[in-house]
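In the working numbering, the protein residues as written are 89 to 505.
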(Lines of atoms letter the chains of each structure in order from A and count residues from 1; the text may use other names and numbers.)
(Lines give C-alpha, C1' and ligand atoms only; values in the text may rest on other atoms or scores of the structure.)
Protein backbone atom coordinates (compact mmCIF):
# COMPACT_ATOMS: atom_id res chain seq x y z
CA UNK A 1 0.00 0.00 0.00
CA UNK A 2 1.17 3.52 -0.71
CA UNK A 3 1.98 5.56 2.36
CA UNK A 4 2.69 8.94 0.85
CA UNK A 5 -0.30 10.83 -0.56
CA UNK A 6 1.82 12.49 -3.22
CA UNK A 7 2.41 9.08 -4.76
CA UNK A 8 -1.29 8.80 -5.51
CA UNK A 9 -1.06 11.00 -8.60
CA UNK A 10 1.76 9.71 -10.78
CA UNK A 11 1.66 11.72 -13.95
CA UNK A 12 -0.40 12.98 -16.86
CA UNK A 13 -2.51 10.97 -19.26
CA UNK A 14 -3.27 13.52 -21.97
CA UNK A 15 -5.38 16.30 -20.47
CA UNK A 16 -6.32 14.21 -17.43
CA UNK A 17 -3.89 13.39 -14.64
CA UNK A 18 -3.02 9.73 -14.24
CA UNK A 19 -3.74 7.94 -10.96
CA UNK A 20 -3.05 4.52 -9.44
CA UNK A 21 -6.24 3.16 -11.04
CA UNK A 22 -9.49 1.52 -9.98
CA UNK A 23 -7.90 -1.90 -9.51
CA UNK A 24 -5.46 -0.69 -6.87
CA UNK A 25 -8.07 1.55 -5.29
CA UNK A 26 -10.53 -1.31 -4.86
CA UNK A 27 -7.86 -3.78 -3.76
CA UNK A 28 -6.52 -1.54 -1.00
CA UNK A 29 -9.91 -0.18 0.09
CA UNK A 30 -10.75 -2.96 2.53
CA UNK A 31 -7.53 -2.47 4.45
CA UNK A 32 -8.32 1.22 4.93
CA UNK A 33 -11.92 0.85 6.08
CA UNK A 34 -11.77 1.36 9.84
CA UNK A 35 -13.56 3.24 12.59
CA UNK A 36 -11.97 6.59 11.66
CA UNK A 37 -12.52 6.50 7.89
CA UNK A 38 -16.08 5.20 8.27
CA UNK A 39 -16.91 7.81 10.93
CA UNK A 40 -15.50 10.66 8.81
CA UNK A 41 -17.46 9.47 5.78
CA UNK A 42 -20.69 9.24 7.78
CA UNK A 43 -20.17 12.70 9.32
CA UNK A 44 -19.56 14.21 5.88
CA UNK A 45 -22.74 12.56 4.60
CA UNK A 46 -24.81 13.77 7.56
CA UNK A 47 -23.53 17.30 6.97
CA UNK A 48 -24.38 17.16 3.27
CA UNK A 49 -27.80 15.53 3.64
CA UNK A 50 -29.22 17.77 6.37
CA UNK A 51 -28.73 21.54 6.21
CA UNK A 52 -27.65 21.74 2.53
CA UNK A 53 -30.66 19.63 1.45
CA UNK A 54 -32.89 22.14 3.21
CA UNK A 55 -31.24 24.93 1.20
CA UNK A 56 -32.22 23.22 -2.05
CA UNK A 57 -35.79 22.75 -0.82
CA UNK A 58 -35.89 26.37 0.27
CA UNK A 59 -34.78 27.50 -3.19
CA UNK A 60 -37.30 25.15 -4.81
CA UNK A 61 -40.12 26.64 -2.74
CA UNK A 62 -39.03 30.19 -3.67
CA UNK A 63 -39.08 29.17 -7.32
CA UNK A 64 -42.48 27.47 -6.92
CA UNK A 65 -41.14 24.17 -8.25
CA UNK A 66 -43.35 21.11 -8.19
CA UNK A 67 -42.59 18.12 -5.97
CA UNK A 68 -41.44 16.16 -9.03
CA UNK A 69 -39.04 18.93 -10.07
CA UNK A 70 -37.67 19.20 -6.52
CA UNK A 71 -37.23 15.43 -6.18
CA UNK A 72 -35.44 15.23 -9.53
CA UNK A 73 -33.17 18.10 -8.46
CA UNK A 74 -32.25 16.33 -5.22
CA UNK A 75 -31.82 12.96 -6.92
CA UNK A 76 -29.45 14.31 -9.56
CA UNK A 77 -27.11 16.31 -7.33
CA UNK A 78 -26.87 13.66 -4.61
CA UNK A 79 -26.76 10.54 -6.77
CA UNK A 80 -24.25 11.85 -9.30
CA UNK A 81 -22.36 13.76 -6.61
CA UNK A 82 -21.93 10.46 -4.78
CA UNK A 83 -20.83 8.80 -8.02
CA UNK A 84 -18.13 11.46 -8.46
CA UNK A 85 -16.83 10.60 -4.98
CA UNK A 86 -16.58 6.92 -5.86
CA UNK A 87 -14.90 7.49 -9.23
CA UNK A 88 -12.25 9.98 -8.07
CA UNK A 89 -11.54 8.33 -4.71
CA UNK A 90 -11.06 4.86 -6.17
CA UNK A 91 -9.06 5.99 -9.22
CA UNK A 92 -6.76 8.52 -7.52
CA UNK A 93 -6.84 7.04 -3.99
CA UNK A 94 -7.40 10.54 -2.66
CA UNK A 95 -10.27 11.91 -0.54
CA UNK A 96 -11.82 13.95 -3.36
CA UNK A 97 -15.52 14.25 -2.59
CA UNK A 98 -18.32 15.02 -4.98
CA UNK A 99 -21.54 16.82 -4.11
CA UNK A 100 -23.00 20.09 -5.40
CA UNK A 101 -22.53 23.81 -5.01
CA UNK A 102 -24.22 25.20 -1.89
CA UNK A 103 -23.63 28.83 -2.97
CA UNK A 104 -25.08 27.88 -6.36
CA UNK A 105 -28.29 26.68 -4.73
CA UNK A 106 -28.43 29.88 -2.66
CA UNK A 107 -28.05 32.00 -5.80
CA UNK A 108 -30.89 30.12 -7.47
CA UNK A 109 -33.35 31.10 -4.74
CA UNK A 110 -33.55 34.55 -6.31
CA UNK A 111 -33.03 33.51 -9.94
CA UNK A 112 -35.55 30.66 -10.27
CA UNK A 113 -38.71 32.83 -10.17
CA UNK A 114 -37.46 34.86 -13.13
CA UNK A 115 -37.41 32.08 -15.73
CA UNK A 116 -39.32 29.02 -16.87
CA UNK A 117 -38.01 25.76 -15.49
CA UNK A 118 -36.88 24.66 -18.96
CA UNK A 119 -34.84 27.87 -19.31
CA UNK A 120 -33.29 27.12 -15.92
CA UNK A 121 -32.41 23.61 -17.12
CA UNK A 122 -30.81 25.12 -20.23
CA UNK A 123 -28.71 27.46 -18.06
CA UNK A 124 -27.55 24.49 -15.95
CA UNK A 125 -26.50 22.70 -19.13
CA UNK A 126 -24.55 25.71 -20.40
CA UNK A 127 -22.81 26.10 -17.02
CA UNK A 128 -21.70 22.47 -17.15
CA UNK A 129 -20.37 22.93 -20.69
CA UNK A 130 -18.43 26.05 -19.64
CA UNK A 131 -16.81 24.20 -16.73
CA UNK A 132 -15.96 21.26 -18.99
CA UNK A 133 -14.33 23.55 -21.58
CA UNK A 134 -12.22 25.22 -18.91
CA UNK A 135 -11.08 21.80 -17.70
CA UNK A 136 -10.34 20.33 -21.13
CA UNK A 137 -8.46 23.41 -22.38
CA UNK A 138 -6.64 24.06 -19.13
CA UNK A 139 -7.84 27.69 -19.14
CA UNK A 140 -8.84 27.64 -15.47
CA UNK A 141 -5.93 29.79 -14.33
CA UNK A 142 -6.49 32.46 -16.96
CA UNK A 143 -10.24 32.56 -16.30
CA UNK A 144 -9.79 32.90 -12.56
CA UNK A 145 -7.22 35.69 -13.00
CA UNK A 146 -10.06 37.93 -14.18
CA UNK A 147 -12.46 36.60 -11.55
CA UNK A 148 -10.33 36.83 -8.37
CA UNK A 149 -11.27 34.65 -5.42
CA UNK A 150 -11.90 37.57 -2.99
CA UNK A 151 -14.48 39.04 -5.37
CA UNK A 152 -16.15 35.66 -5.86
CA UNK A 153 -16.27 35.14 -2.10
CA UNK A 154 -17.64 38.65 -1.56
CA UNK A 155 -20.48 37.81 -3.93
CA UNK A 156 -21.10 34.50 -2.14
CA UNK A 157 -21.20 36.21 1.25
CA UNK A 158 -23.66 38.81 -0.02
CA UNK A 159 -25.94 36.25 -1.67
CA UNK A 160 -25.95 33.98 1.38
CA UNK A 161 -26.22 36.55 4.16
CA UNK A 162 -30.01 36.33 4.06
CA UNK A 163 -29.73 32.84 5.51
CA UNK A 164 -27.87 34.25 8.50
CA UNK A 165 -30.49 36.98 8.90
CA UNK A 166 -33.16 34.27 8.63
CA UNK A 167 -31.93 32.76 11.89
CA UNK A 168 -32.98 35.94 13.69
CA UNK A 169 -36.25 36.66 11.86
CA UNK A 170 -37.47 33.06 12.05
CA UNK A 171 -36.70 32.89 15.76
CA UNK A 172 -38.78 36.02 16.26
CA UNK A 173 -41.72 34.36 14.46
CA UNK A 174 -41.42 30.96 16.17
CA UNK A 175 -39.41 31.55 19.37
CA UNK A 176 -40.09 28.17 20.98
CA UNK A 177 -39.37 25.85 18.04
CA UNK A 178 -36.54 27.88 16.51
CA UNK A 179 -35.08 28.97 19.85
CA UNK A 180 -34.75 25.43 21.20
CA UNK A 181 -33.22 24.24 17.90
CA UNK A 182 -30.59 27.00 18.13
CA UNK A 183 -29.77 26.15 21.75
CA UNK A 184 -29.30 22.48 20.85
CA UNK A 185 -27.08 23.46 17.92
CA UNK A 186 -24.69 25.43 20.14
CA UNK A 187 -24.72 22.87 22.96
CA UNK A 188 -23.80 20.07 20.56
CA UNK A 189 -20.98 22.16 19.11
CA UNK A 190 -19.60 22.49 22.62
CA UNK A 191 -20.29 19.01 24.01
CA UNK A 192 -20.75 16.43 21.20
CA UNK A 193 -18.26 17.30 18.48
CA UNK A 194 -18.42 13.95 16.69
CA UNK A 195 -22.06 14.40 15.63
CA UNK A 196 -23.33 17.11 13.31
CA UNK A 197 -24.99 19.86 15.39
CA UNK A 198 -27.42 20.41 12.51
CA UNK A 199 -28.65 16.83 12.89
CA UNK A 200 -29.20 17.34 16.62
CA UNK A 201 -31.01 20.64 16.03
CA UNK A 202 -33.18 18.98 13.38
CA UNK A 203 -34.17 16.07 15.62
CA UNK A 204 -34.99 18.25 18.63
CA UNK A 205 -36.73 20.82 16.43
CA UNK A 206 -38.95 18.10 14.96
CA UNK A 207 -39.82 16.81 18.44
CA UNK A 208 -40.76 20.30 19.65
CA UNK A 209 -42.80 20.92 16.48
CA UNK A 210 -44.70 17.68 17.10
CA UNK A 211 -45.44 18.69 20.68
CA UNK A 212 -46.75 22.16 19.78
CA UNK A 213 -48.60 21.09 16.64
CA UNK A 214 -46.32 22.77 14.15
CA UNK A 215 -46.38 19.93 11.62
CA UNK A 216 -48.73 20.06 8.63
CA UNK A 217 -49.53 16.35 8.48
CA UNK A 218 -52.45 16.90 6.10
CA UNK A 219 -49.93 17.75 3.36
CA UNK A 220 -47.74 14.68 3.88
CA UNK A 221 -48.13 12.15 1.08
CA UNK A 222 -45.17 9.80 1.02
CA UNK A 223 -45.00 8.04 -2.33
CA UNK A 224 -42.13 6.79 -4.44
CA UNK A 225 -41.51 9.27 -7.25
CA UNK A 226 -39.07 8.56 -10.05
CA UNK A 227 -36.80 11.40 -11.18
CA UNK A 228 -37.82 13.03 -14.44
CA UNK A 229 -35.88 14.22 -17.47
CA UNK A 230 -36.50 17.80 -18.59
CA UNK A 231 -35.86 19.42 -21.96
CA UNK A 232 -33.58 22.46 -21.91
CA UNK A 233 -34.59 25.82 -23.33
CA UNK A 234 -32.19 28.71 -23.78
CA UNK A 235 -32.45 32.43 -23.07
CA UNK A 236 -29.92 35.22 -22.78
CA UNK A 237 -31.24 36.27 -19.39
CA UNK A 238 -30.81 32.80 -17.89
CA UNK A 239 -27.33 32.58 -19.40
CA UNK A 240 -26.16 35.71 -17.58
CA UNK A 241 -28.22 35.24 -14.42
CA UNK A 242 -27.58 31.52 -13.86
CA UNK A 243 -25.07 29.89 -16.20
CA UNK A 244 -22.12 32.26 -15.78
CA UNK A 245 -22.39 32.75 -11.98
CA UNK A 246 -22.92 29.01 -11.48
CA UNK A 247 -19.84 28.11 -13.54
CA UNK A 248 -17.79 30.64 -11.57
CA UNK A 249 -19.06 29.24 -8.27
CA UNK A 250 -18.28 25.64 -9.22
CA UNK A 251 -14.70 26.50 -10.13
CA UNK A 252 -13.99 29.45 -7.86
CA UNK A 253 -15.78 28.29 -4.71
CA UNK A 254 -15.97 24.49 -4.73
CA UNK A 255 -13.06 23.22 -6.84
CA UNK A 256 -10.67 25.89 -5.58
CA UNK A 257 -11.57 25.17 -1.95
CA UNK A 258 -11.18 21.41 -2.39
CA UNK A 259 -7.88 21.85 -4.26
CA UNK A 260 -6.57 24.09 -1.48
CA UNK A 261 -7.61 21.65 1.25
CA UNK A 262 -6.00 18.68 -0.52
CA UNK A 263 -2.80 20.60 -1.21
CA UNK A 264 -2.58 21.66 2.43
CA UNK A 265 -2.85 18.00 3.45
CA UNK A 266 0.00 17.04 1.13
CA UNK A 267 -1.96 15.53 -1.77
CA UNK A 268 -1.10 16.20 -5.39
CA UNK A 269 -4.67 16.95 -6.42
CA UNK A 270 -5.65 16.29 -10.08
CA UNK A 271 -7.08 19.75 -10.79
CA UNK A 272 -7.83 19.10 -14.48
CA UNK A 273 -9.68 15.87 -13.73
CA UNK A 274 -11.59 17.59 -10.92
CA UNK A 275 -12.69 20.36 -13.26
CA UNK A 276 -13.58 18.06 -16.15
CA UNK A 277 -15.70 15.74 -14.02
CA UNK A 278 -17.44 18.77 -12.49
CA UNK A 279 -18.34 19.90 -16.01
CA UNK A 280 -19.62 16.45 -16.98
CA UNK A 281 -21.56 16.32 -13.72
CA UNK A 282 -23.20 19.65 -14.52
CA UNK A 283 -24.20 18.48 -17.99
CA UNK A 284 -25.76 15.23 -16.74
CA UNK A 285 -27.61 16.70 -13.76
CA UNK A 286 -29.07 19.51 -15.89
CA UNK A 287 -31.36 17.06 -17.70
CA UNK A 288 -32.77 15.97 -14.33
CA UNK A 289 -33.29 19.57 -13.19
CA UNK A 290 -30.18 19.67 -11.00
CA UNK A 291 -27.86 22.66 -10.94
CA UNK A 292 -24.58 20.73 -10.78
CA UNK A 293 -22.76 17.70 -9.45
CA UNK A 294 -19.20 18.81 -8.78
CA UNK A 295 -16.27 18.62 -6.38
CA UNK A 296 -17.34 19.40 -2.81
CA UNK A 297 -15.16 21.73 -0.74
CA UNK A 298 -16.57 21.15 2.79
CA UNK A 299 -16.88 17.36 2.53
CA UNK A 300 -13.45 17.01 0.96
CA UNK A 301 -12.15 18.93 3.99
CA UNK A 302 -13.86 16.50 6.39
CA UNK A 303 -12.66 13.34 4.65
CA UNK A 304 -9.09 14.58 4.13
CA UNK A 305 -8.65 15.78 7.72
CA UNK A 306 -6.80 14.01 10.54
CA UNK A 307 -10.21 12.87 11.84
CA UNK A 308 -10.20 10.39 8.94
CA UNK A 309 -7.05 8.71 10.28
CA UNK A 310 -3.33 9.26 10.61
CA UNK A 311 -2.53 7.42 7.37
CA UNK A 312 -3.17 9.94 4.63
CA UNK A 313 -2.98 7.26 1.95
CA UNK A 314 -6.07 5.56 3.39
CA UNK A 315 -8.34 8.56 3.86
CA UNK A 316 -9.93 8.00 0.46
CA UNK A 317 -11.91 5.22 2.14
CA UNK A 318 -13.88 7.94 3.98
CA UNK A 319 -14.80 9.47 0.63
CA UNK A 320 -16.01 6.08 -0.63
CA UNK A 321 -18.29 5.74 2.42
CA UNK A 322 -19.56 9.27 1.88
CA UNK A 323 -20.22 8.61 -1.81
CA UNK A 324 -22.31 5.51 -1.11
CA UNK A 325 -24.44 7.33 1.48
CA UNK A 326 -24.84 10.36 -0.80
CA UNK A 327 -26.00 8.23 -3.69
CA UNK A 328 -28.46 6.41 -1.45
CA UNK A 329 -29.93 9.69 -0.22
CA UNK A 330 -30.46 10.76 -3.83
CA UNK A 331 -32.30 7.55 -4.66
CA UNK A 332 -34.69 8.06 -1.72
CA UNK A 333 -35.17 11.82 -2.15
CA UNK A 334 -38.88 11.35 -2.82
CA UNK A 335 -39.31 10.17 0.78
CA UNK A 336 -37.51 13.19 2.24
CA UNK A 337 -39.28 16.00 0.36
CA UNK A 338 -42.83 15.50 1.78
CA UNK A 339 -41.41 15.26 5.31
CA UNK A 340 -39.45 18.49 5.00
CA UNK A 341 -42.41 20.32 3.42
CA UNK A 342 -44.49 19.36 6.47
CA UNK A 343 -41.99 21.01 8.82
CA UNK A 344 -42.71 24.52 10.10
CA UNK A 345 -41.13 26.92 7.60
CA UNK A 346 -39.44 28.89 10.40
CA UNK A 347 -37.66 25.75 11.62
CA UNK A 348 -36.47 25.00 8.08
CA UNK A 349 -35.19 28.58 7.70
CA UNK A 350 -33.33 28.42 11.01
CA UNK A 351 -31.72 25.08 10.18
CA UNK A 352 -30.70 26.34 6.73
CA UNK A 353 -29.18 29.42 8.33
CA UNK A 354 -27.28 27.40 10.92
CA UNK A 355 -25.96 25.16 8.15
CA UNK A 356 -24.61 28.23 6.37
CA UNK A 357 -22.61 29.64 9.31
CA UNK A 358 -19.38 27.86 8.39
CA UNK A 359 -19.72 28.69 4.71
CA UNK A 360 -20.47 32.35 5.47
CA UNK A 361 -17.52 32.69 7.83
CA UNK A 362 -15.23 31.14 5.23
CA UNK A 363 -16.60 33.42 2.51
CA UNK A 364 -16.04 36.57 4.58
CA UNK A 365 -12.55 35.44 5.56
CA UNK A 366 -11.49 34.66 2.01
CA UNK A 367 -13.04 37.90 0.75
CA UNK A 368 -11.35 40.26 3.18
CA UNK A 369 -8.48 38.46 4.95
CA UNK A 370 -5.92 39.31 2.27
CA UNK A 371 -5.02 42.86 1.27
CA UNK A 372 -5.90 42.29 -2.39
CA UNK A 373 -9.18 43.11 -4.16
CA UNK A 374 -10.74 44.39 -0.92
CA UNK A 375 -12.72 47.21 -2.49
CA UNK A 376 -13.92 45.00 -5.32
CA UNK A 377 -14.92 42.31 -2.82
CA UNK A 378 -16.83 44.89 -0.79
CA UNK A 379 -18.84 46.05 -3.79
CA UNK A 380 -19.48 42.44 -4.80
CA UNK A 381 -20.80 41.89 -1.27
CA UNK A 382 -23.19 44.85 -1.19
CA UNK A 383 -24.43 44.36 -4.76
CA UNK A 384 -25.26 40.71 -4.02
CA UNK A 385 -26.94 41.74 -0.75
CA UNK A 386 -29.10 44.29 -2.57
CA UNK A 387 -30.96 41.63 -4.54
CA UNK A 388 -31.23 43.91 -7.57
CA UNK A 389 -32.61 42.50 -10.80
CA UNK A 390 -31.72 44.20 -14.10
CA UNK A 391 -32.84 42.81 -17.49
CA UNK A 392 -34.12 39.72 -15.63
CA UNK A 393 -30.55 39.08 -14.43
CA UNK A 394 -30.26 38.67 -10.68
CA UNK A 395 -27.76 40.30 -8.34
CA UNK A 396 -25.01 37.59 -8.18
CA UNK A 397 -24.06 38.27 -11.80
CA UNK A 398 -24.00 42.04 -11.29
CA UNK A 399 -22.00 41.50 -8.09
CA UNK A 400 -19.25 39.70 -10.02
CA UNK A 401 -19.21 42.26 -12.83
CA UNK A 402 -19.35 45.22 -10.44
CA UNK A 403 -16.64 43.83 -8.19
CA UNK A 404 -14.23 43.24 -11.08
CA UNK A 405 -14.87 46.70 -12.58
CA UNK A 406 -14.32 48.44 -9.24
CA UNK A 407 -11.08 46.53 -8.65
CA UNK A 408 -9.85 47.36 -12.15
CA UNK A 409 -10.51 51.05 -11.43
CA UNK A 410 -9.10 51.38 -7.91
CA UNK A 411 -6.97 48.24 -7.40
CA UNK A 412 -5.35 47.53 -10.80
CA UNK A 413 -2.08 46.62 -9.10
CA UNK A 414 -3.73 43.54 -7.58
CA UNK A 415 -4.35 42.10 -11.05
CA UNK A 416 -0.72 42.73 -11.97
CA UNK A 417 0.47 40.83 -8.90
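Glycine included, every Cβ here is placed at the ideal spot set by N, Cα and C.
These numbers come from a predicted model, not from an experiment.
- Under the DSSP definition of a beta bridge, residue 186 partners with 383.
- With 16 or more other Cβ atoms from the protein chains shown falling within 10 Å of its own Cβ, residue 124 counts as buried.
- Less than 8 Å separates the beta-carbon of residue 464 from that of residue 492.
- Counted as a single uninterrupted DSSP element, the alpha helix (DSSP H) harbouring residue 119 occupies residues 110 to 120.
- A distance below 7 Å between beta-carbons, with the five flanking residues on each side excluded, links residue 388 to the following residues of its chain, in chain order: 183, 184, 185, 346, 349, 350.
- Annotation: the continuous alpha helix (DSSP H) that includes residue 179 extends over 155 to 180.
- Contact between the region 249 to 268 and the region 329 to 342 is absent: fewer than 3 CB-CB pairs across the two stretches fall below 8 Å.
- In this structure, 137 is the residue among 137, 434, 279 with its C-alpha nearest to the C-alpha of residue 287.
- The DSSP-derived three-state label of residue 330 is helix.
- A straight-line Cα-Cα distance of about 48 Å links residue 419 and residue 504.
- In this model, residue 324 and residue 436 are separated by some 33 Å (Cα to Cα).
- By the criterion of a C-beta distance shorter than 7 Å, residue 402 is surrounded in its chain by 120, 125, once the five residues flanking it on both sides are discounted.
- Counting other Cβ atoms within 10 Å of its Cβ, residue 152 stays below 16 and is therefore classed as exposed.
- If you compare the alpha carbons of 467, 360, 110, 344 with that of residue 237, the shortest gap goes to 344.
- Annotation: residue 357 is outside any alpha helix (DSSP H) and is labelled neither H nor E by DSSP.
- Here residue 378 is near residue 164, since their CB atoms are less than 8 Å apart.
- Here residue 367 has 216, 219, 220, 223 as same chain residues with Cβ atoms under 6 Å from its own Cβ, once five neighbours each way along the sequence are excluded.
- Judged by pairs of C-beta atoms under 8 Å, the region 406 to 425 does not touch the region 193 to 204, as fewer than three such pairs exist.
- Restricting attention to 111, 358, 158, 128, the CA atom closest to the CA of residue 386 is found in 128.
- Counting along the chain, residue 136 sits inside the alpha helix (DSSP H) bounded by residues 123 to 137.
- Within the region 426 to 488, the runs of alpha helix (DSSP H) at least 4 residues long that lie entirely inside it are, in chain order, 433 to 443, 445 to 456, 462 to 474.
- The C-beta distance from residue 452 to residue 245 rounds to 5 Å, short enough to meet the 8 Å contact threshold.
- Between residue 262 and residue 502, the gap from beta carbon to beta carbon reaches 8 Å or more.
- Taking C-beta separations shorter than 6 Å and ignoring five residues to either side along the sequence, the partners of residue 159 in its chain run 313, 421, 422, 425, following chain order.
- Taken through DSSP and simplified to helix, strand or coil, residue 227 comes out as coil.
- From the listed residues 361, 360, 109, 472, the smallest Cα separation to residue 249 is found for 472.
- Around the beta carbon of residue 157, a 10 Å sphere encloses 16 or more other beta carbons of the protein chains shown; the residue is thus reported as buried.
- Taken through DSSP and simplified to helix, strand or coil, residue 500 comes out as helix.
- Taking all protein chains shown into account, residue 398 has fewer than 16 neighbouring C-beta atoms within 10 Å of its C-beta and is therefore exposed.
- The three-state reading of DSSP puts residue 285 in helix, counting H, G and I together.
- Membership of residue 266 in the alpha helix (DSSP H) is indicated by the continuous run 263 to 279.
- Going by beta carbons, residue 290 and residue 439 fall inside the 8 Å limit.
- Shown here for residue 432: same chain residues with a beta carbon closer than 7 Å to its own, the five before and five after excluded, namely 262, 265, 297, 302 in chain order.
- Sorting 227, 210, 299, 461 by C-alpha distance to the C-alpha of residue 328 places 210 at the top.
- When rounded, the separation of the alpha-carbon atoms in residue 358 and residue 277 is 33 Å.
- DSSP places residue 250 in the helix class (H, G or I) of the three-state scheme.
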